[in-house]
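Keeping their order, the protein sequence lines are chains D and F.
Residue 154 in the working numbering sits at position 154 of the first sequence, and the numbers go up by one each step.
To convert, take the position in the second sequence, counting from 1, and add 307; that gives the working numbering.
Yeah, the Cβ is synthetic: ideal placement off N, Cα and C, and Gly gets one too.
Inspection log for the structure reproduced underneath, given as structure tokens.
Protein chains: 2
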Amino acid sequence: MKSIKIFCPGSVANISCGFDILGLCLDNVGDEMIVTQTKKKGIELEICGDYIVTKDINKNAASVSALALLKSFKHIDFGFHISVNKKIKPGSGIGSSAASSAGSVFAINELLKRPFTNKELIPFAAEGEYACTNSYHADNITAVLLGGITLVRSNKEFDVVKLKTPLQLFVTIIHPQVEIKTSDSRILVQRKIEISKLTEQASNLGAFISALYNEDYDMISRCIKDIVVEPYRSEIIPEFNNLKKIALESGSIGFGISGSGPSMFSLSKGPKIANDVKINLEKHLEKKNIKYKSYVSMVNDTGIKII
Amino acid sequence: MKSIKIFCPGSVANISCGFDILGLCLDNVGDEMIVTQTKKKGIELEICGDYIVTKDINKNAASVSALALLKSFKHIDFGFHISVNKKIKPGSGIGSSAASSAGSVFAINELLKRPFTNKELIPFAAEGEYACTNSYHADNITAVLLGGITLVRSNKEFDVVKLKTPLQLFVTIIHPQVEIKTSDSRILVQRKIEISKLTEQASNLGAFISALYNEDYDMISRCIKDIVVEPYRSEIIPEFNNLKKIALESGSIGFGISGSGPSMFSLSKGPKIANDVKINLEKHLEKKNIKYKSYVSMVNDTGIKII
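Encoded structure:
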């Protein structure tokens, strides 16, 4: 039977200034997935790897999005077996569910010889995200399906755009091994804000996007701010303020919470600084006896890929 | 004595999705100003033209910004005579005070052989705006001083950037002859908003900026939305909803309030549609017996210029 093996990358949502809007695709952090066409109709699911996720076909992100995709075809007299090799910890803030949601539909679409573009797969992948978080948000799945740095204009219409990625932009991820559920973390931000804060947050987002096109790293640095969500969410992330200070002192051009945390991201110009940041963040967490995972990654401009 | 004559263009602030952030410089709508170096120290002010504005040196936008600029020099043993030929109606919503605030400092800087870049003139021009509106906002003056479409990241640090202007972008301005004071109009927007509205408004701004760089007119069209301010401000602008409908039916890719109104702007792809929009808006206001002024303008990429 036809079979495909893919790399399903992790991703950073929000990037501080773009809450529920921006996403960035990582390069060397992600799950693997093998999808095989089967004679039997429907979806079969197998989970292996470092982390346990639900095997319930109607709850697992990979199978839910796959089922949504299959529903869009009138007649299909075969099925698919999805084997998820989970390497991204669920609840880590680097898009574990998005990797699964997007991965399965990408793989099935490939096996069917691409009836859909990657962009057209977003609504199906969003069903997988919904199964995990009870809300339609396309920031992570868009980054994973299109690659690079992406913007979601509308989560209702899935109107998305891939932005330009400055070539020297590198990401450091530091993931303290504590779990925060995305759904819990979202409760923290159900607040009203002043119009002046809207203007401040939106102007940082606008200037950030312009800076991506102009490859203006200084401007990027001034824009990586979150005055709306970070003040609340950072309270439940261990050592957030100290880690931010260390990152910026190590040459980071921007530091914040990845998605709903607890992972944090740092952006740097070039891999050397990104690595310095990683080493200094690690040292601090070791001093504090907090277990962590950490990565340095370039921005993955391809997104999900066949391996 | 040395003398200079300049064109001080009108401008559109906000562009719906960028409240207090975006500005767009107009091409064939504006004041004229003659600035002459004088032996006498200080600033002299003369007002002529179609509209009356204050001649009080400490209140007029042109003289206040000029005085702020002169203060930045340690020794200056001469002065300037500023003659403002006012063609933009104050309170029209197309940057009448910004044209004056920016014009005088631009002209004096030219006469002094440019000790400052145009960007460096923004803090001085902002003093003129402050004198008229009691707030520091740089959206109009930035558009006028840099030309094109501009973004203000911070009104505190005057951190601004000139964006890319799609070549086929044309503007229609329709100005019903009713007066709304900017300061009154700002009161209407002192409200708190839901975080979800922040996301919606900011994502439109972000996508708009990306669309400028990609020259994606369809995306521009989907982004010219204002869910925060327009619902309130439009209530005090005569025929707003009907005019918006007419503009969009005439081929406009976006219609909204210019600055704090009552002028309205429409964006179109190409001059023909911009002119069709103008004609159809005029017809409607004539039917309703509302006096108006109207213009079609390309985006002025130069900003203020010597004439």
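When you compare each of the options to residue i by their alpha carbons, which one comes out closest?
| i | options | result |
| --- | --- | --- |
| S154/D | T449/F, Y443/F, S503/F, L458/F | S503/F |
| G610/F | G317/F, G435/F, I311/F | G317/F |
| D334/F | N365/F, A450/F, T345/F | A450/F |
| G103/D | L69/D, N204/D, E157/D | L69/D |
| K89/D | L121/D, E235/D, E32/D | E32/D |
| V606/F | I527/F, F477/F, I328/F | F477/F |
| L512/F | S260/D, K283/D, V161/D | V161/D |
| S567/F | G402/F, A369/F, V336/F | G402/F |
| F19/D | I122/D, V152/D, L212/D | V152/D |
| N14/D | N275/D, S263/D, L285/D | S263/D |
| K272/D | S297/D, S203/D, E286/D, P231/D | S297/D |
| A62/D | C8/D, L198/D, G91/D | C8/D |
| P538/F | N521/F, R498/F, D525/F, L574/F | R498/F |
| A125/D | E286/D, L243/D, S100/D, L267/D | S100/D |
| L374/F | N521/F, N392/F, K348/F, S399/F | K348/F |
| G23/D | D276/D, G93/D, T199/D | G93/D |
Report all residues from its chain with a CB closer than 6 Å to the CB of residue i; omit the five preceding and five following residues, and keep chain order.
| i | result |
| --- | --- |
| S310/F | T343 |
| V64/D | E127, G128, A131 |
| K87/D | D31, G49, D50 |
| E589/F | S601 |
| K119/D | none |
With 16 as the cutoff for other CB atoms within 10 Å, does residue i come out buried or exposed?
| i | result |
| --- | --- |
| Y295/D | buried |
| M1/D | exposed |
| Y136/D | exposed |
| D139/D | buried |
| R540/F | buried |
| H75/D | exposed |
| F380/F | exposed |
| L167/D | exposed |
| K245/D | exposed |
| D466/F | buried |
| K269/D | buried |
| K585/F | buried |
| D363/F | exposed |
| E546/F | buried |
| I6/D | buried |
| I52/D | exposed |
| N548/F | exposed |
| I615/F | Examination of residue 615/F is not possible in this model, given that chain F is present from 308 through 614 alone. |
| P430/F | buried |
| N58/D | exposed |
Residue i bridges to which residues according to DSSP?
| i | result |
| --- | --- |
| Q37/D | F80/D |
| K162/D | T150/D |
| N85/D | E32/D, C48/D |
| H482/F | K600/F |
| K551/F | None; K551/F has no bridge partner. |
| L574/F | V478/F, G561/F |
| L333/F | V606/F |
| K312/F | I341/F |
| A320/F | G330/F |
| K499/F | E194/D |
| G349/F | G386/F |
Which same chain residues, not among the five before or five after residue i, have their C-beta less than 8 Å away from its C-beta?
| i | result |
| --- | --- |
| D608/F | C332, G454, G455, T472 |
| K463/F | Y443 |
| L212/D | I149, L163, K164, T165, P166, I220 |
| K612/F | I313, F314 |
| I516/F | L458, L470 |
| K595/F | P545, E546 |
| L121/D | L69, A102, V105, F106, N109, L145 |
Take residue i and list the residues in its own chain whose beta-carbon comes closer than 7 Å to its own, dropping the five residues that flank it on each side.
| i | result |
| --- | --- |
| K346/F | F385 |
| A405/F | S318, E436, N447, I448, V451 |
| Q508/F | C324, I534, V535 |
| L555/F | F562 |
| T424/F | none |
| A657/F | Nothing can be reported for residue 657/F, as the shown portion of chain F is limited to 308 through 614. |
| N280/D | I246, S250 |
| T54/D | N60 |
Check whether the stretch 38-54 of chain D touches the stretch 77-89 of chain D, counting contact only when three or more Cβ pairs, one atom from each stretch, lie closer than 8 Å. With the cut-off at 8 Å, the stretch 38-54 of chain D and the stretch 77-89 of chain D touch.
Could you check whether the stretch 584-600 of chain F touches the stretch 472-485 of chain F, counting it as contact only if at least three pairs of C-beta atoms, one from each stretch, sit closer than 8 Å? yes
Assess contact between the stretch 249-259 of chain D and the stretch 217-226 of chain D, defined as three or more Cβ pairs (one per stretch) separated by less than 8 Å. Is contact present? yes
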